[in-house]
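**Student:** Have a look at the structure that comes next, please.
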Amino acid sequence: MAGRDYIGVSVGAVLTDGEGKVLLLRRKKNPEAGLWSIPGGMVEYNEKVQDALTREIKEELDVEIKVKKLLCVIDNLITDGCFHTVSLSYIVDIVQGIVRNVEKDKHSDIDWFDLNFLPRDLTVATKATLKEYEKSIINL
4 MAGRDYIGVS VGAVLTDGEG KVLLLRRKKN PEAGLWSIPG GMVEYNEKVQ DALTREIKEE
64 LDVEIKVKKL LCVIDNLITD GCFHTVSLSY IVDIVQGIVR NVEKDKHSDI DWFDLNFLPR
124 DLTVATKATL KEYEKSIINL
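And the structure:
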């Protein structure tokens, strides 16, 4: 896991329901326990970034995805927890399955949120990612 002497690489997915809502998961564990985040996780050794994204989404939500495009790259620095990752966030489509909370030990809740009514308690990386997502849909 990323920490003081190690910079990790993480991936995240902006999943939408087709009606302007994005999927968020409430984290149970640190870093940022209790906050809402986009689905995703850490890239493992010898794993391609998009393969990691596909794996993480399958593990967390039990759905198959198609990666549409890279949205943004964010330095995720959490100084009080000595945590640093470089986070790559992608816009993706669900191609098979129905979203469900598979990893209940990691996420206490999942829900769809309108971009105009997002919860205040978002992770640092999720705030930055959703800001970039809003810019991308305005510029369509």
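Those letters in the sequence shown? Residues 4 to 143, by our numbering.
Even glycine gets a Cβ: it sits at the ideal position worked out from N, Cα and C.
Please read all numbers here as calculations on a predicted model, not as lab measurements.
1. Quick one: grab the DSSP three-state call for LEU56.
2. In the DSSP assignment, the beta strand (DSSP E) including LEU80 goes from what residue to what residue?
3. Could you give the first and the last residue of the continuous alpha helix (DSSP H) run that contains THR129?
4. With a 10 Å radius around its C-beta and 16 neighbouring C-beta atoms as the bar for buried, classify PHE120 as buried or exposed.
5. Identify the residues that DSSP records as bridge partners of ASP43: which are they?
6. Compute the Euclidean distance between the alpha carbons of THR19 and TYR9, then round it to the nearest angstrom.
7. With DSSP as the reference, label LEU91 as helix, strand or coil.
8. Since VAL14 and TRP115 are thought to touch, with beta carbons under 8 Å apart, how far apart are those beta carbons, to the nearest angstrom?
9. Whose CA, out of GLU106, VAL127 and ALA16, lies closest to the CA of VAL70?
10. Buried or exposed: which applies to GLU67, given that a residue is buried once 16 or more other Cβ atoms fall within 10 Å of its Cβ?
**Tutor:** Working from what's here:
1. DSSP, read as helix, strand or coil, puts LEU56 in helix.
2. DSSP places LEU80 in the uninterrupted beta strand (DSSP E) bounded by 67-81.
3. Run containing THR129: 127-141, per the alpha helix (DSSP H) assignment.
4. PHE120 is exposed by the Cβ-count criterion.
5. Reading off the sequence shown, one finds Gly at residue 43, where the question assumed Asp. DSSP lists GLY15 as the beta-bridge partner residues of GLY43.
6. Going from the Cα of THR19 to the Cα of TYR9 covers about 32 Å.
7. Strand, per DSSP.
8. Rounded, the Cβ-Cβ distance is 20 Å, inconsistent with contact.
9. A check of alpha carbon separations from VAL70 across GLU106, VAL127 and ALA16 identifies ALA16 as the nearest.
10. GLU67 should be labelled exposed.
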